[in-house]
Amino acid sequence: EPEVTQTPSHQVTQMGQEVILRCVPISNHLYFYWYRQILGQKVEFLVSFYNNEISEKSEIFDDQFSVERPDGSNFTLKIRSTKLEDSAMYFCASSDPDISNYGYTFGSGTRLTVV
Amino acid sequence: GDSVVQTEGQVLPSEGDSLIVNCSYETTQYPSLFWYVQYPGEGPQLHLKAMKANDKGRNKGFEAMYRKETTSFHLEKDSVQESDSAVYFCALSVDNFNKFYFGSGTKLNVKP
Chain A
1 EPEVTQTPSH QVTQMGQEVI LRCVPISNHL YFYWYRQILG QKVEFLVSFY
51 NNEISEKSEI FDDQFSVERP DGSNFTLKIR STKLEDSAMY FCASSDPDIS
101 NYGYTFGSGT RLTVV
Chain B
1001 GDSVVQTEGQ VLPSEGDSLI VNCSYETTQY PSLFWYVQYP GEGPQLHLKA
1051 MKANDKGRNK GFEAMYRKET TSFHLEKDSV QESDSAVYFC ALSVDNFNKF
1101 YFGSGTKLNV KP
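In order, the protein sequences belong to chains A and B.
Position 98 of the first sequence, counting from 1, maps to 98 under the numbering used here, and the rest follow consecutively.
In the numbering used here, each residue's number is its place in the second sequence (first place is 1) plus 1000.
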């Protein structure tokens, strides 16, 4: 079964450093997303991306965050200057262009620890 | 705004017990409703869904009825098994799945 792949599975970084979280969405999917889950809390929407641009973003997704699809397969989330409160699981997801198929799939996540 | 409220914390039934995990939603639009399941070290996985009012989602003995009149989507199972243990999230989507609003999650821990 096709899956969304995220790397690394765990990233430790110092406060103030830049991090890039990487995702390989399912190959025929056209819509891409990032979500965040702070330990023990709900999964929160960060951003959606379609046709090489952001289609929607939440208030969490401030100027410190950016997304990019640098090539035909990867989808990245960059945090420019990490803060302690950015520590969380970050989930990438992608979805099928045919909404009736409902192919919305999450990756296994990257645990980001900011120290 | 759009939101979901579900049974908080942990539920500790014994194997063979019946289960109800409550979920209520709030939105001014017409949502699709979902239950996601999350196992340790993994991302959320779709468990069941209902696209419109009076639809019933079903999967692995679990059911949830989309009730517009009570804005609810409670997750039910007649007889839980130890293998059902996981975290369950209720979620809604209102804009053709552009994004999901998740509840806070309910940890189901079934005692053998």
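For each residue, glycine too, the CB sits at the ideal point set by N, CA and C.
Option nearest residue i by Cα separation, candidates the options
i	options	result
B/Thr-1106	B/Tyr-1066, B/Phe-1034, B/Cys-1090, B/Thr-1071	B/Cys-1090
A/Phe-49	A/Glu-1, A/Val-115, A/Ser-95	A/Ser-95
A/Gly-40	B/Ser-1104, B/Pro-1112, B/Val-1110	B/Ser-1104
B/Asp-1078	B/Ser-1014, B/Val-1004, B/Asp-1002	B/Ser-1014
A/Glu-53	A/Val-19, A/Thr-110, A/Ile-26, A/Ser-66	A/Ser-66
A/Glu-68	A/Thr-110, A/Leu-112, A/Ile-60, A/Tyr-33	A/Tyr-33
A/Thr-5	B/Tyr-1101, B/Gly-1043, B/Asp-1095	B/Gly-1043
A/Asp-71	A/Asp-98, A/Ser-27, A/Gln-17	A/Ser-27
A/Ala-93	A/Arg-36, A/Val-12, A/Thr-13, A/Lys-42	A/Arg-36
B/Phe-1073	B/Ile-1020, B/Asp-1095, B/Lys-1111	B/Ile-1020
A/Leu-84	A/Glu-59, A/Tyr-104, A/Thr-113, A/Glu-56	A/Thr-113
B/Lys-1068	B/Cys-1023, B/Thr-1007, B/Gln-1010, B/Val-1011	B/Cys-1023
Residue environment, residue i, which counts as buried when at least 16 other CB atoms sit within 10 Å
i	result
A/Val-47	buried
A/Glu-44	buried
A/His-10	exposed
A/Asp-62	exposed
B/Lys-1060	exposed
A/Gln-17	exposed
B/Gln-1006	buried
Reduced DSSP category for residue i - H, G, I as helix; E, B as strand; rest coil
i	result
B/Glu-1063	strand
B/Ser-1018	coil
A/Leu-84	helix
B/Ser-1032	strand
A/Glu-56	strand
Own chain, CB closer than 6 Å to residue i, minus 5 neighbours either side, in chain order
i	result
A/Tyr-31	Tyr-50, Ser-95
A/Ser-73	Val-24
B/Val-1037	Gln-1045, His-1047, Ala-1086, Tyr-1088
B/Glu-1076	Ile-1020, Glu-1063
Proximity test, residue i beta-carbon vs the ligand FAD heavy atom, cut-off 7 Å
i	result
B/Ser-1085	Questions concerning the ligand FAD fall outside what the structure shown contains, since it holds no ligand whatsoever.
Neighbourhood of residue i by C-beta distance below 7 Å, restricted to the same chain and skipping five residues each side
i	result
A/Gln-64	Ile-79, Arg-80, Ser-81
**OP:** Please name the residues in the segment 10-29 of chain A whose beta-carbon is closer than 8 Å to at least one beta-carbon of chain B, in chain order.
**Re:** For the segment 10-29 of chain A, which is checked against every Cβ of chain B, not one residue is closer than 8 Å.
Original post:
If you measure beta-carbon to beta-carbon, which residues of the segment 1037-1051 of chain B are closer than 9 Å to chain A?
Top reply: Gln-1038, Gly-1041, Glu-1042, Gly-1043, Pro-1044, Gln-1045, Leu-1046, Lys-1049, Met-1051
**OP:** Scan the segment 49-61 of chain A for residues whose Cβ lies nearer than 7 Å to a Cβ of chain B and list them as they occur along the chain.
**Re:** Ser-55, Glu-56
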